[in-house]
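Participant: Have a look at this one.
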DNA sequence: CTGAAAGCGCTTACAG
DNA sequence: CTGAAAGCGCTTACAG
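Protein chains in written order, with UniProt numbering: chain A, 1 to 365; chain B, 1 to 365.
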């Protein structure tokens with residue numbers, strides 16, 4: 001079913017008939033082609049006529065018809081951002097940054113949510129973006145080679161934000177490192193029973209981040225010589241709600257963790273709710289740390305590893321502009337993250353049971 | 001400066017040359033016009049040829065070129081959503097609902113953030129949406145008559161979400177009522193010193209909601225015969241941060257309120273932070289109620305008046321479809337809101353000082 | 001029910 | 001530096 005079935009559109013009759021480039025040309029006493037070149041600032045128009053044409057265009061309040069320009073010129077002036085879960089602090093911040101970057105370049109931003117694995121399959125099967133955009137930015141979606149192929153076959157440039165790829169320009173933090181920063185903080189406080197409260201993305205395999213953060217968690221523990229207790233590793237879907245449920249699970253285990261590393265601030269806030277309901281004091285009995293620095297992290301006094309998704313969106317936009325201009329994309333490297341210690345982390349209660357301070361403990365003092 | 005100055009676009013050379021409608025026509029042995037009609041399901045094509053054409057189109061993986069269709073047909077197949085402050089639970093949820101509604105109709109969603117009053121002026125001066133979309137949905141922005149005129153002069157339909165208007169279809173909650181629900185809850189608990197912690201939108205006059213909620217606050221107090229203490233009415237910009245600062249201001253006043261009605265959950269969460277820092281117990285010493293039912297409201301046990309912005313987005317999308325189809329827009333009336341009592345509200349400490357229970361107190365028992 | 005043709009408003013070689 | 005003309009890929013009266 002290749003054809004879209006839009007309802008017949010009845011536009012409100014524009015009170016003022018649209019002014020076309022031909023009108024500008026006539027009024028300025030030049031040809032269509034000259035107007036086209038002058039307005040776009042191309043070579044080969046004398047400064048005098050260029051200014052005259054622009055003055056006339058401004059006077060007539062002329063705006064090029066993007067349809068016609070795209071049809072004739074083979075570019076659409078549009079960029080799509082593809083993501084699941086828009087109402088997330090992370091995703092909406094990336095979109096905000098992207099929009100701020102595209103707008104001054106005269107590019108419009110199309111938003112497409114990919115809700116679940118089924119929708120994702122359909123999306124790449126029907127390629128609704130084909131011919132509609134010059135480039136697409138995928139947010140927190142690790143594309144499969146096949147999916148990437150579909151996109152490039154359709155003639156669109158691709159940039160990845162929040163995931164890593166060898167075949168596509170990408171902007172992202174180092175999720176392994178971010179997780180290590182969080183877990184190392186707990187280790188340095190003296191914790192040994194550290195739980196991982198991970199998330200499961202709606203679209204499976206969508207979030208490379210969750211794997212990388214788990215890797216960082218395991219690496220940090222391993223490096224410190226602390227064995228991973230698999231009972232302390234849980235994954236739950238559904239953001240903060242999932243965090244609450246995952247925490248309930250951890251609380252029902254045989255031995256409680258002394259600290260929890262949560263996938264994100266939203267997951268952590270869910271966990272905090274469960275802890276509060278269970279009457280467990282944070283950070284006295286259990287410490288909690290996560291990743292993001294969501295605005296509410298500060299308000300809830302949550303220790304976290306901060307990142308800047310809006311900056312990510314801006315950088316993704318810059319990469320798009322490079323791609324569209326045929327310039328080499330400037331590589332940015334991983335985006336910085338930094339530990340922000342607040343009120344949800346403290347040394348463990350059983351500190352005295354562990355190795356004495358300063359005796360071979362990583363960072364302990 | 002009417003012309004946009006996009007960088008010259010270099011598209012990745014499509015490995016497969018685009019298949020055009022002419023290719024489908026040739027392969028099916030019919031004319032272009034027939035293919036066009038068949039694919040769009042218009043009258044006047046026999047079922048046999050229609051199916052044959054569709055089969056060929058599917059086989060060739062054909063997708064109409066939206067540029068060309070728009071240029072010839074005078075509709076763009078696109079809808080814009082205009083808002084400030086995308087990374088807000090409210091706005092991003094509206095956009096999500098809207099996207100879900102437009103997608104099945106084959107309409108693409110363009111996002112434009114209007115950051116501040118200056119940007120707003122420029123936006124309506126240059127009308128960047130002109131010729132780019134068939135309709136625009138403004139979210140939480142009360143358009144001035146002039147702004148509305150610009151939009152309709154440009155030939156786009158307009159729908160308002162989250163604000164009220166006489167001249168445009170709109171979907172919104174009753175903000176006055178929502179505020180009354182919140183404040184009446186406090187009154188019924190026995191509070192008399194109730195503060196209003198309002199917000200100031202980035203674009204002044206943008207949020208009709210803030211005025212309406214203040215009206216609801218004042219009306220509720222008046223109806224209960226409680227005089228408004230103007231020292232207890234504060235407005236601060238900046239969401240949760242503003243809520244924290246506004247609460248600090250209230251705490252520095254001569255007499256503390258016994259309860260606070262905050263503009264939104266985000267503002268309330270900021271206020272809660274300030275209260276916690278000040279060592280004030282909630283709800284024992286001060287009660288807090290707000291509007292939204294943000295996902296974090298449940299997690300933080302916040303009493304609030306819930307609304308459903310995603311449903312608002314869906315309804316806005318339905319209105320857009322009606323408009324585009326030339327149908328009358330079905331009026332929905334104000335969207336429902338409902339009080340959700342959780343843990344941040346309780347009777348005031350000085351309850352005994354007020355009128356005795358059941359004696360002329362609104363709802364008191 | 002189907003086709004031939006004009007036209008949508010631009011951009012881009014190609015001449016001059 | 002500027003113009004005339006072809007062409008982008010569709011839709012839509014208008015004929016038949």
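Even for Gly, the Cβ is constructed at its ideal location relative to N, Cα and C.
For residue 150 of chain B, does the count of other Cβ atoms within 10 angstroms reach 16, so buried, or fall short, so exposed?
Facilitator: Within the second chain, numbered from 1, the residue matching residue 150 of chain B stands at position 150. Residue 150 of chain B comes out buried.
Participant: For the region 181-200 of chain B, enumerate the residues whose C-beta is nearer than 8 Å to any C-beta of chain A, in chain order.
Facilitator: Within the region 181-200 of chain B, no residue qualifies.
Participant: If you draw a straight line from the C-alpha of residue 123 of chain A to the C-alpha of residue 311 of chain A, how long is it?
Facilitator: Walking along the first chain from the start, residue 123 of chain A turns up at place 123. Walking along the first chain from the start, residue 311 of chain A turns up at place 311. Going by the C-alpha atoms only, they are around 27 Å apart.
Participant: What does the Cβ neighbour count give for residue 283 of chain A, buried or exposed, with the cut at 16 atoms within 10 Å?
Facilitator: Counting from one through the first chain, the residue named residue 283 of chain A turns up at place 283. With 16 or more other Cβ atoms within 10 Å, it is buried.
Participant: Would you call the region 25-41 of chain B in contact with the region 28-35 of chain A, where contact means no fewer than 3 C-beta pairs closer than 8 Å?
Facilitator: No: fewer than three Cβ pairs fall under 8 Å.
Participant: Go through its chain and collect everything with a Cβ distance to residue 343 of chain A's Cβ below 6 Å, but skip five positions before and after it.
Facilitator: Locating residue 343 of chain A in the first chain gives position 343, where the first residue counts as 1. If we look at residue 343 of chain A and ignore the five residues flanking it on each side, its Cβ neighbours are 301.
Participant: Mind listing the chain A neighbours of residue 282 of chain B? Cutoff is C-beta to C-beta under 9 Å, in chain order.
Facilitator: To locate residue 282 of chain B, count along the second chain from 1; it is residue 282. Going along chain A, no residue has its Cβ under 9 Å from residue 282 of chain B, so there is no contact; the nearest lies around 13 Å.
Participant: Residue 350 of chain B to residue 88 of chain B, Cα distance in whole Å?
Facilitator: Here residue 350 of chain B refers to the residue found at position 350 when the second chain is read from its first residue. Here residue 88 of chain B refers to the residue found at position 88 when the second chain is read from its first residue. Using only the alpha carbons, I get a separation of about 37 Å.
Participant: Taking only the alpha-carbon atoms, compute the straight-line gap between residue 234 of chain A and residue 275 of chain A and give it to the nearest angstrom.
Facilitator: By one-based count along the first chain, residue 234 of chain A stands at place 234. By one-based count along the first chain, residue 275 of chain A stands at place 275. Cα-Cα distance, rounded: 16 Å.
Participant: Under the rule that 16 or more other beta-carbon atoms within 10 Å means buried, what is residue 9 of chain A, buried or exposed?
Facilitator: In the first chain, the residue the question calls residue 9 of chain A occupies position 9. In this prediction, residue 9 of chain A scores a pLDDT of 49, lower than 50, which makes its location untrustworthy; no coordinate-derived value is stated.
Participant: What does the Cβ neighbour count give for residue 84 of chain B, buried or exposed, with the cut at 16 atoms within 10 Å?
Facilitator: Numbered from 1 along the second chain, position 84 holds the residue referred to as residue 84 of chain B. Residue 84 of chain B is buried by the Cβ-count criterion.
Participant: Can you give, in chain order, each stretch of the alpha helix (DSSP H) that sits fully within the region 177-245 of chain B and has at least 4 residues?
Facilitator: Entirely contained in the region 177-245 of chain B, the alpha helix (DSSP H) runs reaching 4 residues are, in chain order, 208-223.
Participant: Run through chain B and tell me which residues come within less than 9 Å of residue 93 of chain A, C-beta to C-beta.
Facilitator: Working through the first chain from its first residue, we reach residue 93 of chain A at position 93. Correct list: 86, 87.
Participant: Considering only their Cβ atoms, is the gap separating residue 169 of chain A from residue 305 of chain A smaller than 8 Å?
Facilitator: If you number the first chain from 1, residue 305 of chain A lands on position 305. If you number the first chain from 1, residue 169 of chain A lands on position 169. Not a contact, by the Cβ cut-off of 8 Å.
Participant: Cβ of residue 186 of chain A within 8 Å of Cβ of residue 271 of chain A?
Facilitator: Here residue 186 of chain A corresponds to residue number 186 of the first chain, with the count starting at 1. Here residue 271 of chain A corresponds to residue number 271 of the first chain, with the count starting at 1. Contact flag unset, no.
Participant: Under 8 Å between beta-carbons, which chain B residues line up against residue 349 of chain A? List them in chain order, please.
Facilitator: Here residue 349 of chain A refers to the residue found at position 349 of the first chain. Result: empty, since nearest Cβ-Cβ is about 23 Å, beyond 8 Å.
Participant: So, is the C-beta of residue 240 of chain B closer than 8 Å to a C-beta in chain A?
Facilitator: Here residue 240 of chain B refers to the residue found at position 240 of the second chain. Output row for residue 240 of chain B: interface = yes.
Participant: Under 8 Å, with one C-beta from each stretch per pair, do the region 239-247 of chain B and the region 259-269 of chain B reach the 3-pair mark?
Facilitator: Short answer: they touch.
Participant: Ignoring anything shorter than 4 residues, give me the alpha helix (DSSP H) runs that lie fully in the region 120-185 of chain B, in order along the chain.
Facilitator: Entirely contained in the region 120-185 of chain B, the alpha helix (DSSP H) runs reaching 4 residues are, in chain order, 145-153.
Participant: When the cut-off is 8 Å and only beta carbons count, does residue 204 of chain B lie next to chain A?
Facilitator: Numbered from 1 along the second chain, position 204 holds the residue referred to as residue 204 of chain B. Here residue 204 of chain B scores only 47 on pLDDT, less than 50, and its place in the model should not be relied on; the value that follows carries that caveat. Not closer than 8 Å to any Cβ of chain A, the Cβ of residue 204 of chain B fails to qualify, so no.
Participant: Assuming contact is defined by CB atoms lying nearer than 8 Å, are residue 278 of chain B and residue 251 of chain B in contact in what I supplied?
Facilitator: The residue you call residue 278 of chain B lines up with position 278 of the second chain. The residue you call residue 251 of chain B lines up with position 251 of the second chain. Yes. Within cutoff.
Participant: Quick one: is residue 49 of chain A near chain B, going by C-beta distance under 8 Å?
Facilitator: Taking the first residue of the first chain as 1, we reach residue 49 of chain A at position 49. Not closer than 8 Å to any Cβ of chain B, the Cβ of residue 49 of chain A fails to qualify, so no.
Participant: Could you work out which residue in A/338, A/322, A/111, A/51 is closest to residue 290 of chain A when comparing CA atoms only?
Facilitator: As a first step, residue 290 of chain A must be located in the first chain, where it is residue number 290. The residue with the shortest Cα to Cα distance from residue 290 of chain A is A/338.
Participant: Does any C-beta atom of chain B lie closer than 8 Å to the C-beta of residue 170 of chain A?
Facilitator: Position 170 of the first chain, counted from the first residue, corresponds to residue 170 of chain A. Not one chain B Cβ lies under 8 Å of residue 170 of chain A.
Participant: Can you tell which of B/287, B/285, B/309 has the C-alpha that lies nearest to the C-alpha of residue 295 of chain B?
Facilitator: Along the second chain, one-based indexing puts residue 295 of chain B at 295. Among B/287, B/285, B/309, the Cα nearest to that of residue 295 of chain B belongs to B/309.
Participant: On the premise that residue 77 of chain B lies in contact with residue 98 of chain B, defined as a C-beta separation below 8 Å, what is that separation, rounded to the nearest angstrom?
Facilitator: Here the question's residue 98 of chain B lines up with position 98 in the second chain. Here the question's residue 77 of chain B lines up with position 77 in the second chain. So it is not a contact: roughly 15 Å between Cβ atoms.
Participant: Would you mind sorting residue 382 of chain A into buried or exposed? The rule is 16 or more other CB atoms within 10 Å of its CB.
Facilitator: Residue 382 of chain A lies beyond the range of chain A shown here (1 to 365); nothing can be said about it.
Participant: Please tell me whether residue 162 of chain A and residue 172 of chain A are closer than 8 Å, where the distance is taken between their beta carbons.
Facilitator: The count along the first chain starts at 1 and reaches residue 162 of chain A at position 162. The count along the first chain starts at 1 and reaches residue 172 of chain A at position 172. In this structure, residue 172 of chain A lies closer than 8 Å to residue 162 of chain A by Cβ.
Participant: Under 7 Å Cβ-Cβ, which residues of chain A neighbour residue 99 of chain B?
Facilitator: Here residue 99 of chain B refers to the residue found at position 99 when the second chain is read from its first residue. What residue 99 of chain B touches in chain A: 111, 113.
Participant: With a threshold of 8 Å between beta-carbons, can residue 34 of chain A be considered close to chain B, or not?
Facilitator: For the purposes of this step, residue 34 of chain A is taken as the residue at position 34 of the first chain. No, residue 34 of chain A does not count as interfacial toward chain B.
Participant: From residue 64 of chain B to residue 20 of chain B, what does the alpha carbon distance come to, in whole angstroms?
Facilitator: Mapped onto the second chain, residue 64 of chain B falls at position 64. Mapped onto the second chain, residue 20 of chain B falls at position 20. Going by the C-alpha atoms only, they are around 7 Å apart.
Participant: If you run the structure through DSSP and keep just helix, strand and coil, what is residue 75 of chain A?
Facilitator: For this step, residue 75 of chain A is matched to residue 75 along the first chain. Residue state, collapsed to three classes: coil.
Participant: Residue 108 of chain B bridges to which residues according to DSSP?
Facilitator: Position 108 of the second chain holds residue 108 of chain B. Answer by DSSP bridge pairing, in chain order: B/78.
Participant: With a threshold of 16 other CB atoms inside 10 Å of the CB of residue 86 of chain A, please say whether the residue is buried or exposed.
Facilitator: Position 86 of the first chain, counting from 1, holds the residue named residue 86 of chain A. Answer is buried; the Cβ neighbour count reaches 16.
Participant: CB-CB under 8 Å to residue 232 of chain B, same chain, minus the five flanking residues each way: which ones, in chain order?
Facilitator: Taking the second chain and counting its residues from 1, one reaches residue 232 of chain B at position 232. Result list for residue 232 of chain B: 193, 194, 195, 196, 250, 253, 257, in chain order.
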